[in-house]
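Here the structure comes first, spelled out in structure tokens, and everything after it is commentary.
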Amino acid sequence: MLQDIISSLDELPLEDLLKVKNHLDRLIKFEDQKSLGKRQVKRAKTKLTASLEIEREKEFFDQTHKIEITEMSVNGFVFSSAATVIDGDILQISFRHPATGEKKFIDCQAVRINENKEKTGSLYEVAAKIVDKAAVKAYRDMLKKRGKF
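To convert, count from 1 in the sequence shown and add 867; that's our numbering.
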């Protein structure tokens, strides 16, 4: 059956092939969201603006990046940012709680990163799990000790 589909695609013009590709991309993304990947808890869809500090950047300069949190659960976030995030980075996300207005600071670690190329640059979609202070301290110690033998 797959061979029949592929052979029928060989005869289509480029415009139709692009439409098929876009449709398949949407279908794959929908099925991936439906299966939740490796997630164990469903995430609530949100649209919060927040600030991001990347721990490895603090060594050289103090910079915060604007992010948009798109999904949130009790043990993690999914957000998008123009800042370059590397898998395993320790991050500090700060945002205002929508109901109370209280400022929240949450430490997390980047687990899964998807880079989306755009005309203006790269936009990173990051899934991060919440970590405790001990993990942050261990990461800072690792940064201090790197390059030393």
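Glycine included, C-beta positions come from ideal geometry on N, C-alpha and C.
Fill in: Selected residue, minimal CA-CA separation from ALA950, among PHE897, ILE921, GLN976
Of the candidates PHE897, ILE921, GLN976, the one whose C-alpha sits nearest the C-alpha of ALA950 is ILE921.
Worksheet entry | Integer-rounded CB distance, given that GLN976 should sit under 8 Å from ILE960 | The Cβ separation is near 11 Å, so there is no contact.
Worksheet entry | Own chain, CB closer than 7 Å to THR913, minus 5 neighbours either side, in chain order | ILE936, THR937, GLU938, MET939
Worksheet entry | Nearest residue (CA-CA) to ALA995, options ILE895, VAL887, ILE934 | ILE934
Worksheet entry | Alpha-carbon spacing of ARG923 relative to ALA911, whole angstroms | Those two C-alpha atoms are separated by around 29 Å.
Fill in: Same chain, Cβ closer than 8 Å to ASP954, neighbours up to 5 away in sequence not counted
ALA977, VAL978, ARG979, ILE980
Worksheet item: The beta strand (DSSP E) with LYS996 in it runs from where to where?
Response: 988 to 997
Worksheet item: Can you tell which of ALA917, ASP929, GLU969, THR967 has the C-alpha that lies nearest to the C-alpha of VAL945?
Response: ALA917
Worksheet item: Who are the near neighbours of THR931 in its chain, counting only those whose CB is closer than 7 Å to its CB and skipping five residues on each side?
Response: SER918, LEU919, GLU920
Worksheet item: What first and last residue would you give for the beta strand (DSSP E) that runs through LEU958?
Response: 957 to 963
Discussion item. Just to confirm the assignment, what range does the beta strand (DSSP E) spanning ALA1005 have?
Written reply: Not the beta strand (DSSP E): ALA1005 falls in the alpha helix (DSSP H), residues 1000 to 1012.
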